[in-house]
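Contents: one structure, followed by commentary.
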Amino acid sequence: MKFFFVFVTFFLSLATAKDITPSLTFKAIGLVSDFVIDKNRLYVATDIGTVDIFDLHTQKIIQQIILPPVTTAMDDLVPARVLSVDRYNNKTLIVSIGRDAFRNVWIYKSNSLQQIVDERAKLTIKEARFVDDEHLIYATFGSEIILHDTKENYQLYKTHISQSTLGDIALNHDKTKMIFSDESGEIKLIDIQSSTVEQTYASENVDNVYHVAYSNGIIITAGQDRRVGVYQKGKKAYHIKSDFLVYCVGISPSGKTAVYSSGEENHLQLFNTKTKRKSHRLVGHKAIINQIKFINEKELFSADRSQEVLYWRLP
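Just so we're aligned, residue 100 is where the sequence shown starts under my numbering, counting upward by one.
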């Protein structure tokens, strides 16, 4: 009887699942590397030295943050490729590639661009995020994390977390904890104020973790080993097997709904983190997906290695 009930439930979930197409498409002027949503604005980082700012209602670019071009070793001027973008309290945080592939970090506020880190510091920052008004957290390709005090222009710490190359980072809602992944497949929970590794999770991935998502204590991972890892406090970790490399994942604010890039056709597959049950597919991407961000339980944005950011509304 129990088996019959499980079978019927599974069958009904498949019967109600459907393919969903994007409700809106936002087209940036360059290839998208990162994006963030703040209030009714979409901030899109591109490979041609801009952050394109869209009005979510009109889907039009209403402003651009333009970074200075980079002087190459041959004295040519090229656009500064933007790697990451973040928003906090009306400020925009930007990481761009400078000369010799070292990084520049900028804060844009009140139509003014201020440089926080110069390429001469020779840092290889992959991502930067706001912690609060005066503190930034950097994660480098060499798996170092740096807490930077912008008021004093000082590194409060610089800690080497892993011997493996950085995969991705994700912060919790109140910006006190950080999830850190690397090419070993391990997942670490880090206290941001102290840089202490509070927990190393038994790995559900056996190879490079490309991307992580973190919300309401639930961690989702995207792996080169074609696995989607799921870690929940007080419960046994598990993974979902995919038929292709998993490049990107996302999770809703409650942690109930998660999504991962699935297959060579670059679909997005939704699933329930509690039941492990797959539901709808999001169909419309044309390239490898690199960012997925929920804004509530029923709405999310995603981007791929093209000029497009797609908006989805779930049933």
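Built from N, CA and C at the ideal position, the CB exists for glycine as well.
The beta carbon of L130 sits closer than 7 Å to the beta carbons of T145, D146, R404, S405 and Q406 from its chain, once the five residues preceding and following it are set aside; these are given in chain order. The beta strand (DSSP E) runs lying completely inside the region 115-147 and spanning 3 residues or more are 123-126, 131-137 and 140-145, given in chain order. Only exposed fits Q214, as fewer than 16 other CB atoms lie within 10 angstroms of its CB.
The residue from E233, S132, I391 and F400 with its alpha-carbon nearest to that of G148 is S132. By the criterion of at least three beta-carbon pairs nearer than 8 Å, the region 345-358 is in contact with the region 299-311. Shown here for D248: same chain residues with a beta carbon closer than 7 Å to its own, the five before and five after excluded, namely E233, H234 and L255 in chain order. If the five residues before and after P352 are omitted, its C-beta is found closer than 8 Å to the C-beta atoms of H272, S314, N315, F393, N395 and E396, all from its own chain and listed in chain order. Taken through DSSP and simplified to helix, strand or coil, D199 comes out as helix. Considering only V358, V169, L141 and K334, the residue with the shortest C-alpha distance to E218 is V169. Taking a cut-off of 8 Å on C-beta distances, the region 280-295 touches the region 320-333, as three or more cross pairs fall below it. Cα atoms of P121 and R186: separation of roughly 25 Å, rounded to the nearest angstrom. Spanning the alpha carbons of S261 and E243 requires a straight line of approximately 8 Å. Contact between Y300 and V327 fails: their C-beta atoms lie close to 14 Å from each other, not under 8 Å. Just measuring C-alpha positions, the residue of V184, T124 and A336 sitting nearest G383 is T124. For K377, the uninterrupted beta strand (DSSP E) run begins and ends at K377 to L381, by DSSP.
By the 16-neighbour rule on beta-carbons within 10 angstroms, L270 is buried.
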